[in-house]
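Visitor:
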Amino acid sequence: MKHVDEFRDPVKAKVLLKEITVIAKELKERLKRPVYIMEVCGGHTHSIFRYGIENMLPETIELIHGPGCPVCVLPMGRVDDCVAIAERDNVIFTTFGDAIRVPGSKKSLLQAKAEGADVRMVYSPMDALSIAKNNPDKEVVFFGLGFETTMPSTALTVLKAEADGINNFSLFCNHITIIPTVKAVLDSPDLQLDGFLGPGHVSMVIGNKPYQFIAEHYNRPVVVAGFEPLDILQSLWMVLKQLQAGEARIENQYNRIVPEEGNKMALEAIAKTFELREFFEWRGLGSIDHSGVQLKAEYAAFDAEKKFIVPAVTIADPKACQCGEVLKGAIKPWQCKVFAKACTPETPLGALMVSSEGSCAAYHQFGGDRLDAVQAKAKLNIPINEARNA
Amino acid sequence: MNIAQETEQEVDSRKRKGKLVSKVITLAHGGGGKAMRDLIDDVFVQAFSNPVLNTLEDQARFHLSDLATEGDRLAMTTDSYVIDPIFFPGGDIGKIAICGTVNDLAVGGAKPLYLTCGMIIEEGMEVNTLRAIVKSMADTAREAGVQIVTGDTKVVEKGSCDKVFINTAGIGVIDKDYHLGADKAQAGDHILVNGYLGDHGAAIMDSRGGMNLSTNIQSDCAPLQGLIQTLLNAAPNTRFIRDATRGGIASVLNEIAEASSCAIQISEQQTPIRQEVIGFCEILGLDPLYLANEGKLVAVVPENEVEAALEAMRGHAFGKDSADIGTILPGGTAGRVHMQTSFGGKRIVDMLIGEQLPRIC
Ligand code: SF4
Numbered sequence: 024m025k026h027v028d029e030f031r032d033p034v035k036a037k038v039l040l041k042e043i044t045v046i047a048k049e050l051k052e053r054l055k056r057p058v059y060i061m062e063v064c065g066g067h068t069h070s071i072f073r074y075g076i077e078n079m080l081p082e083t084i085e086l087i088h089g090p091g092c093p094v095c096v097l098p099m100g101r102v103d104d105c106v107a108i109a110e111r112d113n114v115i116f117t118t119f120g121d122a123i124r125v126p127g128s129k130k131s132l133l134q135a136k137a138e139g140a141d142v143r144m145v146y147s148p149m150d151a152l153s154i155a156k157n158n159p160d161k162e163v164v165f166f167g168l169g170f171e172t173t174m175p176s177t178a179l180t181v182l183k184a185e186a187d188g189i190n191n192f193s194l195f196c197n198h199i200t201i202i203p204t205v206k207a208v209l210d211s212p213d214l215q216l217d218g219f220l221g222p223g224h225v226s227m228v229i230g231n232k233p234y235q236f237i238a239e240h241y242n243r244p245v246v247v248a249g250f251e252p253l254d255i256l257q258s259l260w261m262v263l264k265q266l267q268a269g270e271a272r273i274e275n276q277y278n279r280i281v282p283e284e285g286n287k288m289a290l291e292a293i294a295k296t297f298e299l300r301e302f303f304e305w306r307g308l309g310s311i312d313h314s315g316v317q318l319k320a321e322y323a324a325f326d327a328e329k330k331f332i333v334p335a336v337t338i339a340d341p342k343a344c345q346c347g348e349v350l351k352g353a354i355k356p357w358q359c360k361v362f363a364k365a366c367t368p369e370t371p372l373g374a375l376m377v378s379s380e381g382s383c384a385a386y387h388q389f390g391g392d393r394l395d396a397v398q399a400k401a402k403l404n405i406p407i408n409e410a411r412n413a
Numbered sequence: 033m034n035i036a037q038e039t040e041q042e043v044d045s046r047k048r049k050g051k052l053v054s055k056v057i058t059l060a061h062g063g064g065g066k067a068m069r070d071l072i073d074d075v076f077v078q079a080f081s082n083p084v085l086n087t088l089e090d091q092a093r094f095h096l097s098d099l100a101t102e103g104d105r106l107a108m109t110t111d112s113y114v115i116d117p118i119f120f121p122g123g124d125i126g127k128i129a130i131c132g133t134v135n136d137l138a139v140g141g142a143k144p145l146y147l148t149c150g151m152i153i154e155e156g157m158e159v160n161t162l163r164a165i166v167k168s169m170a171d172t173a174r175e176a177g178v179q180i181v182t183g184d185t186k187v188v189e190k191g192s193c194d195k196v197f198i199n200t201a202g203i204g205v206i207d208k209d210y211h212l213g214a215d216k217a218q219a220g221d222h223i224l225v226n227g228y229l230g231d232h233g234a235a236i237m238d239s240r241g242g243m244n245l246s247t248n249i250q251s252d253c254a255p256l257q258g259l260i261q262t263l264l265n266a267a268p269n270t271r272f273i274r275d276a277t278r279g280g281i282a283s284v285l286n287e288i289a290e291a292s293s294c295a296i297q298i299s300e301q302q303t304p305i306r307q308e309v310i311g312f313c314e315i316l317g318l319d320p321l322y323l324a325n326e327g328k329l330v331a332v333v334p335e336n337e338v339e340a341a342l343e344a345m346r347g348h349a350f351g352k353d354s355a356d357i358g359t360i361l362p363g364g365t366a367g368r369v370h371m372q373t374s375f376g377g378k379r380i381v382d383m384l385i386g387e388q389l390p391r392i393c
């Protein structure tokens, strides 16, 4: 754990913050508006709130919390399909923890479970495969979701199921891929973004090369960032330094984990089992070409979409939901009309309110709204010792 | 003649000499006949043996005068214990069933005296497993200075419950000088805890398996009445005590902030959480502030009694790692809990919504 403490050193943070403040001020004067930096990845969003980084930054920087929480971008129709599969007789439906609460048009998996569906939480797809081995008379379906981060373990599980000749296991594949998504965000007309924090875990698999187009075609700097608070501050500082120098490059702050070329074995497993879908629907962002993957025809026997007939209906988000605008950074979560009113973590209307990586839930849980943060800055910025003497 | 003498004379003549022969619990053991009496005599009465229980009446009887010597108010509580797995590092369902109820009484300033024990057992449970749980209950009750004085046993069909569910209710007596309440917290008061937070929650999740993290985290499950007496002796103006069970310390702090209409600020750096628990939470995307505890309390203590309270708590076996983690603020948004992160930032510590769910990556 010594190694983690290094990345949480408040003294180093102070030094970085000082430099960030100086550069951001200069940039704000140049741009005549705050600097907008998007962290693509939900893990970063979570760390930013968990460590209170948003409140440490000067007002001259605004963080835009991007579309990188796979749970948050799951469209309602897909959740309905999950519920439909889970409610079939003889099916054990396995899922990661935070996907279980995402609302479908009628219910979530959690509600389906309460009504009697056999929905089980697992920590990895291999756990789902073990359940299949132990329950040969049941159909075990794994709800695969996530970016390139979780894709390799799903791919390896399918390969293992094939090698072990298991025929009661299948995958309901909702894996998505990051690059077309970032491109869609960049092409969005209502978007103002100066730079990106690149996703650390995804990059561990795909390496840094795939981001090259962001620098080349869109002239925006990308710094692949780790998840510790100092990683995030240092990466922000690196983005600002590039902006200050008028550069746009791909830099790797997280090089202790992320290899330039990615992980060969993981990429091979993905390439072997998955192929791009023509298009895939994202919650709030609509359909994005080539942004999702599906099992190749050779693995159809493990494809839940082939095994079961699902409704596969596209369901529009509730009218009041502004998840799409939040995902693209056009508005801040608390500016959504239903934030903290009709949409709360207990009764989420939009998926951004479900997972703790979703920016709405994060604001709700860790940050309150900006107003509250400003108030907090004014009123509560009392070191503990001073408060004691007050 | 006091209660103990009176009942002891009756014990021998009335005590059943049943001997349980079966190795597993069957529906017959809940049927009210001889099998059930054997089970009660051989397993429960053997382990819990005390003058009030041994009479095996339908109710436990106490002299009011005995209770009145301890204080001027009675405290009463009940809780049901359902846990998977029933044995885990640092404890078992029996130990928790005693600690939980003892602690619920003790945090109100009561001296816990008598407990009941209701058991719902799933048919097929091994008698030895049940014996181990009951022994653990008896040992913990002895440690906590309470007696299990009456009980109830039901056996249900396989699948109707998960191994065993236990309900314990308890009564205790509150000293006339103690008047604790969440609404009594005031600006300037300090928030104390008696040691490392989140151990129980992490130990249970870890022992449920599936993650192969094999940490050495042990549940903190412990009866706290002794520690609480120590604390109240050293800091008699303590405003409020609460055990931080489900929902973790975050939920207790929110309750205090809400009930007292104050803002609370805690310091991450001063909040004791083991590195193993932090690591465990990081892997699963959980927040240790919301993990359950079974032997941790939060006390709100006025500024001028903090030092005495901490010193006394640290001298007790269950308070060695006690810490002062924050204060009730003079200003700030009423009902809000903030945490100064050790990294220098600040975040809101909100109420937990539903259960904490591990994140996907
Ligand atoms: S408040 Fe709810 S509906 Fe609005 S953007 Fe956030 S998640 Fe979507």
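Taken in order, these protein sequences are the chains called A and B.
What the first sequence shows, in this note's numbering, is residues 24 to 413, in sequence order.
What the second sequence shows, in this note's numbering, is residues 33 to 393, in sequence order.
Beta carbons: idealized from backbone N, C-alpha and C, even for Gly.
Would you give the residue range spanned by the alpha helix (DSSP H) that A:H240 belongs to?
Guide: Taking the first sequence and counting its residues from 1, the one referred to as residue 240 of chain A is at position 217. Per DSSP, A:H240 belongs to the alpha helix (DSSP H) from 235-241.
Visitor: Check whether chain A comes within 9 Å of B:F119, counting only Cβ atoms and requiring the distance to be less than that.
Guide: Within the second sequence, numbered from 1, the residue matching residue 119 of chain B stands at position 87. Cβ-Cβ to chain A under 9 Å: no for B:F119.
Visitor: Could you tell me how far apart the beta carbons of A:V246 and A:M227 are, in whole angstroms, since I believe they sit closer than 8 Å?
Guide: Translated into the one-based positions of the first sequence, residue 246 of chain A becomes position 223. Translated into the one-based positions of the first sequence, residue 227 of chain A becomes position 204. Wrong, their Cβ atoms sit about 15 Å apart, outside the cutoff.
Visitor: Taking all protein chains shown into account, decide if B:C370 is buried (16 or more other Cβ within 10 angstroms of its Cβ) or exposed.
Guide: As a working mapping, residue 370 of chain B is identified with position 338 in the second sequence. It is His, not Cys, that sits at residue 370 of chain B in the sequence shown. B:H370 comes out buried.
Visitor: Which residues in chain A sit within 7 Å of B:S374, going by Cβ to Cβ distance?
Guide: By 1-based counting over the second sequence, the position of residue 374 of chain B is 342. By Cβ distance, chain A contributes R31, P33.
Visitor: For a contact defined as C-beta to C-beta under 7 Å, what are the partners of B:L321 on chain A?
Guide: By 1-based counting over the second sequence, the position of residue 321 of chain B is 289. Correct list: empty, because the minimum Cβ distance to chain A is about 10 Å.
Visitor: Tell me, please, whether the segment 324-339 of chain B touches the segment 266-279 of chain B by the rule of three or more beta-carbon pairs shorter than 8 Å.
Guide: Because the criterion of three Cβ pairs below 8 Å is met, the segment 324-339 of chain B and the segment 266-279 of chain B touch.
Visitor: For A:L168 versus A:K351, is the C-beta distance shorter than 9 Å?
Guide: Against the first sequence, residue 168 of chain A aligns to sequence position 145. Against the first sequence, residue 351 of chain A aligns to sequence position 328. No, Cβ-Cβ distance for A:L168 and A:K351 is not below 9 Å.
Visitor: What's the gap between the Cα of B:K186 and the Cα of B:V134?
Guide: Numbered from 1 along the second sequence, position 154 holds the residue referred to as residue 186 of chain B. Numbered from 1 along the second sequence, position 102 holds the residue referred to as residue 134 of chain B. For B:K186 and B:V134, the distance between alpha carbons rounds to 23 Å.
Visitor: Starting from A:E62, follow its DSSP beta bridges and name the residues at the other end.
Guide: One-based indexing of the first sequence puts residue 62 of chain A at position 39. A:H88, A:L220, per the DSSP bridge assignment.
Visitor: Between the segment 49-65 of chain A and chain B, which residues of the former have CB atoms less than 7 Å from a CB of the latter, in chain order?
Guide: The segment 49-65 of chain A vs chain B, Cβ under 7 Å: nothing.
Visitor: When you check each C-beta in the segment 232-253 of chain A against every C-beta of chain B, which residues fall closer than 7 Å?
Guide: Going along the segment 232-253 of chain A in chain order, one finds P252 with a Cβ nearer than 7 Å to chain B.
Visitor: Enumerate, from N- to C-terminal direction, the unbroken beta strand (DSSP E) stretches of 3 or more residues contained entirely within the segment 288-332 of chain B.
Guide: Here the runs fully enclosed are 295-299.
Visitor: Which residue comes first and which comes last in the beta strand (DSSP E) that contains A:W305?
Guide: Counting from one through the first sequence, the residue named residue 305 of chain A turns up at place 282. First-last of the beta strand (DSSP E) with A:W305: 302-305.
Visitor: Are the CB atoms of B:L99 and B:V205 within a distance shorter than 9 Å?
Guide: If you number the second sequence from 1, residue 205 of chain B lands on position 173. If you number the second sequence from 1, residue 99 of chain B lands on position 67. Yes, the pair counts as a contact, with Cβ atoms nearer than the cut-off.
Visitor: Cβ of A:V349 within 8 Å of any heavy atom in the ligand SF4?
Guide: Working through the first sequence from its first residue, we reach residue 349 of chain A at position 326. Yes, Cβ of A:V349 sits closer than 8 Å to a heavy atom of the ligand SF4.
Visitor: Quick one: does B:I115 have its CB under 9 Å from some CB of chain A?
Guide: Taking the first residue of the second sequence as position 1, residue 115 of chain B is located at position 83. Output row for B:I115: interface = no.
Visitor: What in chain B is Cβ-close to A:A74, meaning under 8 Å?
Guide: Taking the first sequence and counting its residues from 1, one reaches residue 74 of chain A at position 51. One detail in the question is off: residue 74 of chain A reads as Tyr in this sequence, not Ala. In chain order: T373, F375, G377, R379.
Visitor: Check whether the Cβ atoms of A:A327 and A:L194 lie closer than 9 Å to each other.
Guide: Mapped onto the first sequence, residue 327 of chain A falls at position 304. Mapped onto the first sequence, residue 194 of chain A falls at position 171. Result yes, Cβ atoms of A:A327 and A:L194 sit closer than 9 Å.
Visitor: Examine the Cβ distances between the segment 229-244 of chain A and the segment 268-287 of chain A and report whether three or more of them are shorter than 8 Å.
Guide: The segment 229-244 of chain A is in contact with the segment 268-287 of chain A.
Visitor: If the cut is a Cβ gap below 8 Å, which residues of chain B does A:I123 touch?
Guide: Indexing the first sequence from 1 puts residue 123 of chain A at position 100. Those are L389, listed as they occur along chain B.
Visitor: Round the Cβ separation of B:F80 and B:A170 to the nearest angstrom and send it over; I've been treating them as touching at under 8 Å.
Guide: To locate residue 80 of chain B, count along the second sequence from 1; it is residue 48. To locate residue 170 of chain B, count along the second sequence from 1; it is residue 138. Indeed they touch by this definition, with Cβ atoms about 5 Å apart.
Visitor: Tell me the DSSP bridge mates of B:I380?
Guide: Position 348 of the second sequence, counted from the first residue, corresponds to residue 380 of chain B. Partner(s): B:H370.
Visitor: Which residues in chain B have a C-beta closer than 7 Å to the C-beta of A:M79? List them in chain order.
Guide: Counting from one through the first sequence, the residue named residue 79 of chain A turns up at place 56. Residues of chain B passing the Cβ test: G376, G377.
Visitor: May I ask you to check if the CB of A:Q345 is nearer than 8 Å to at least one heavy atom of the ligand SF4?
Guide: Start at 1 with the first residue of the first sequence, and residue 345 of chain A comes out as number 322. Yes, Cβ of A:Q345 sits closer than 8 Å to a heavy atom of the ligand SF4.
Visitor: Confirm the yes/no value for this check: CB of A:M61, any heavy atom of the ligand SF4, distance under 8 Å.
Guide: Reading the first sequence from its first residue, position 38 is the one you call residue 61 of chain A. Because no heavy atom of the ligand SF4 lies under 8 Å away, the Cβ of A:M61 does not count as near it: no.
Visitor: Along the chain, which unbroken stretches of the beta strand (DSSP E) at least 3 residues long are found entirely within the segment 104-180 of chain B?
Guide: As far as the segment 104-180 of chain B is concerned, its whole beta strand (DSSP E) runs of at least 3 residues are 105-113, 142-154.
Visitor: Should A:A289 be flagged as near chain B, meaning a C-beta pair shorter than 9 Å?
Guide: Mapped onto the first sequence, residue 289 of chain A falls at position 266. Chain B, which has no Cβ nearer than 9 Å to the Cβ of A:A289, makes this no.
Visitor: Might you give, ordered along the chain, the residues of its own chain that have their beta carbon closer than 6 Å to the beta carbon of B:K127, omitting 5 neighbours on each side?
Guide: Taking the second sequence and counting its residues from 1, the one referred to as residue 127 of chain B is at position 95. Here the set comprises S168, T172, C253.
Visitor: Please confirm whether B:L316 has its beta-carbon closer than 9 Å to some beta-carbon of chain A.
Guide: Counting from 1 along the second sequence, the entry for residue 316 of chain B is found at position 284. Taking Cβ atoms only, chain A reaches closer than 9 Å to B:L316, which makes this a yes.
Visitor: Looking at the unbroken beta strand (DSSP E) that takes in A:A343, where does it start and where does it end?
Guide: The residue you call residue 343 of chain A lines up with position 320 of the first sequence. Per DSSP, A:A343 belongs to no beta strand (DSSP E) and is neither H nor E.
Visitor: From which residue to which residue does the beta strand (DSSP E) around A:C196 run?
Guide: Here residue 196 of chain A is taken as the residue at index 173 of the first sequence, counted from 1. 192-198 is the span of the beta strand (DSSP E), which, as asked, contains A:C196.
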